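Colleague: Sharing a structure here in structure tokens format.
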Amino acid sequence: MSMDNYLKLEIPAKSRNEAFARVVVAAFAAQADPTIDEISDVKTAVSEAVTNAIIHGYENNTSGTIVLSATLAGKRLEITVVDYGVGIADVEQARQALYTSKPELERSGMGFTIMENFMDEISVVSKPGQGTTVTMAKVFGRYNAEQA
Amino acid sequence: MQVKLKAKGDTLVVQMRGELDHHAAGSLRTEIDARLAEAKIKNVLFNFHDVDFMDSSGFGMVLGRYKAVREKGGKVLACSLRPPVRRVFELSGLTTRIPVFGTEKEALDNLWGESG
Numbered sequence: 000m001s002m003d004n005y006l007k008l009e010i011p012a013k014s015r016n017e018a019f020a021r022v023v024v025a026a027f028a029a030q031a032d033p034t035i036d037e038i039s040d041v042k043t044a045v046s047e048a049v050t051n052a053i054i055h056g057y058e059n060n061t062s063g064t065i066v067l068s069a070t071l072a073g074k075r076l077e078i079t080v081v082d083y084g085v086g087i088a089d090v091e092q093a094r095q096a097l098y099t100s101k102p103e104l105e106r107s108g109m110g111f112t113i114m115e116n117f118m119d120e121i122s123v124v125s126k127p128g129q130g131t132t133v134t135m136a137k138v139f140g141r142y143n144a145e146q147a
Numbered sequence: 000m001q002v003k004l005k006a007k008g009d010t011l012v013v014q015m016r017g018e019l020d021h022h023a024a025g026s027l028r029t030e031i032d033a034r035l036a037e038a039k040i041k042n043v044l045f046n047f048h049d050v051d052f053m054d055s056s057g058f059g060m061v062l063g064r065y066k067a068v069r070e071k072g073g074k075v076l077a078c079s080l081r082p083p084v085r086r087v088f089e090l091s092g093l094t095t096r097i098p099v100f101g102t103e104k105e106a107l108d109n110l111w112g113e114s115g
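The listed protein sequences derive, respectively, from chains A and B.
Oh and the first sequence: position 141 is 140 in numbering that gives the first Met the number 0, straight run, nothing missing.
Oh and the second sequence: position 73 is 72 in numbering that gives the first Met the number 0, straight run, nothing missing.
Okay, structure coming up:
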């Protein structure tokens, strides 16, 4: 029986922290005994959210701060990625597949689409000039349980 | 991420090892583009055999090379995708533009079989 647990991590908006953030969440989530595919989904979603904070939230200004937190309640993992950067004026538009505000940087516009597909729930709250909060959740073993 | 670039005929083979994210994509893009400037290089083959992670920044880089190579009249191919990379490839729709092969040899045979 897994105990409820949480983590909170504050990191500068440096691209090398993308790998660090996803590995930390993957190691934390391992307590809930996820499958390899589930862990892979979580790592990818965290990578997208943290990369968005770095590139879009802080526009590659590495002095920005990203706060990553996660909670585990039974088989449910919830992850929150917060930045205090420029924010998103139109969240609906930002979430559309293939939309990117920075095509010149070879952004694919698929970050939110990946987060939506790889996690069970996602919410995006943003205010221009104040920053963005992305909250995502995934319930491990959900598909096995539904089949049983 | 560790990268080896080698020219095989008219094709640049990009062998990657590690995780292809935004952090890794920047320097890889610069390295590939330097080689793409060579007249003899027409096609690019991405070998993902030792890549265990790729996110949308990774395929943004691949898609960017696809556009550059197409302007030169060449092709971009990919081979040896592991399951996590394959999943992102399929979700992104990359497989409709970039043919995927099981091995590097199969990819090169297909390329040269068609052009020869």
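Glycine included, C-beta positions come from ideal geometry on N, C-alpha and C.
Note that the structure is predicted; figures quoted are calculated from it, not measured.
Taking only beta-carbon positions, decide if D32 of chain B is within less than 8 Å of chain A.
Modeller: Taking Cβ atoms only, chain A never reaches closer than 8 Å to D32 of chain B, which makes this a no.
Colleague: State yes or no: is the beta carbon of D20 of chain B nearer than 8 Å to at least one beta carbon in chain A?
Modeller: D20 of chain B counts as touching chain A.
Colleague: In angstroms, rounded to a whole number, what distance separates the CA positions of R15 of chain A and A88 of chain A?
Modeller: If I take the Cα positions, the gap works out to 27 Å.
Colleague: What separation, rounded to the nearest whole angstrom, lies between the Cα atoms of F45 of chain B and M15 of chain B?
Modeller: Using only the alpha carbons, I get a separation of about 8 Å.
Colleague: At what residues does the alpha helix (DSSP H) containing H22 of chain B begin and finish?
Modeller: First-last of the alpha helix (DSSP H) with H22 of chain B: H21 to L35.
Colleague: Kindly list the residues whose CB is nearer than 6 Å to the CB of T132 of chain A, restricted to its own chain and excluding five residues on each side of it in sequence; keep chain order.
Modeller: So the qualifying residues of the chain are V81 and V124.
Colleague: Check the DSSP bridge columns for G110 of chain A and list the partner residues they point to.
Modeller: Answer by DSSP bridge pairing: none, since G110 of chain A is not bridged.
Colleague: Give every residue of the same chain whose Cβ lies closer than 8 Å to the Cβ of L35 of chain B, excluding the five residues on either side of it in the sequence, and list them in chain order.
Modeller: These residues qualify, in order along the chain: L11, V43, R64, A67, V68 and K71.
Colleague: For V84 of chain B and D51 of chain B, what's the separation of their Cα atoms in angstroms?
Modeller: Rounded to whole angstroms, V84 of chain B to D51 of chain B spans 7 Å at the Cα level.
Colleague: So is S1 of chain A in contact with chain B if we call contact Cβ pairs under 8 Å?
Modeller: Confidence at S1 of chain A is low in this model, with a pLDDT of 48, below 50, so its placement is unreliable and the value that follows should be read with caution. Cβ-Cβ to chain B under 8 Å: no for S1 of chain A.
Colleague: So P11 of chain A and G63 of chain A are in contact, right, with Cβ under 8 Å, and what is the actual spacing, rounded?
Modeller: At roughly 7 Å, the Cβ-Cβ gap stays under 8 Å, so P11 of chain A and G63 of chain A are in contact.
Colleague: What is the residue span of the alpha helix (DSSP H) that V85 of chain A lies within?
Modeller: From DSSP, V85 of chain A is part of no alpha helix (DSSP H); its letter is neither H nor E.
Colleague: G112 of chain B CB to nearest chain A CB: under 8 Å?
Modeller: Taking Cβ atoms only, chain A never reaches closer than 8 Å to G112 of chain B, which makes this a no.
Colleague: Is G110 of chain A near S91 of chain B, with beta carbons less than 8 Å apart?
Modeller: Not a contact, by the Cβ cut-off of 8 Å.
Colleague: Reducing DSSP to helix, strand and coil, say where N59 of chain A ends up.
Modeller: In this structure, N59 of chain A counts as coil in the three-state DSSP scheme.
Colleague: Around the Cβ of G130 of chain A, are there at least 16 other Cβ atoms within 10 angstroms (buried) or fewer (exposed)?
Modeller: Burial call: buried.
Colleague: With 16 other CB atoms within 10 Å as the buried threshold, where does L27 of chain B fall?
Modeller: L27 of chain B is buried by the Cβ-count criterion.
Colleague: Can you tell which of A:A69, A:S68 and A:D40 has its C-alpha closest to the C-alpha of G140 of chain A?
Modeller: Answer by Cα proximity: A:D40.
Colleague: Does the stretch 101 to 118 of chain A come close enough to the stretch 86 to 100 of chain B to have 3 or more Cβ pairs within less than 8 Å?
Modeller: A contact exists between the stretch 101 to 118 of chain A and the stretch 86 to 100 of chain B.
Colleague: Where DSSP assigns a beta bridge to P11 of chain A, which residues make up the other side?
Modeller: Paired residue(s): A:T64.
Colleague: Check whether the Cβ of E137 of chain A lies closer than 8 Å to any Cβ atom in chain B.
Modeller: Just to set this straight, residue 137 of chain A is Lys in the shown sequence, not Glu. So, not an interface residue.
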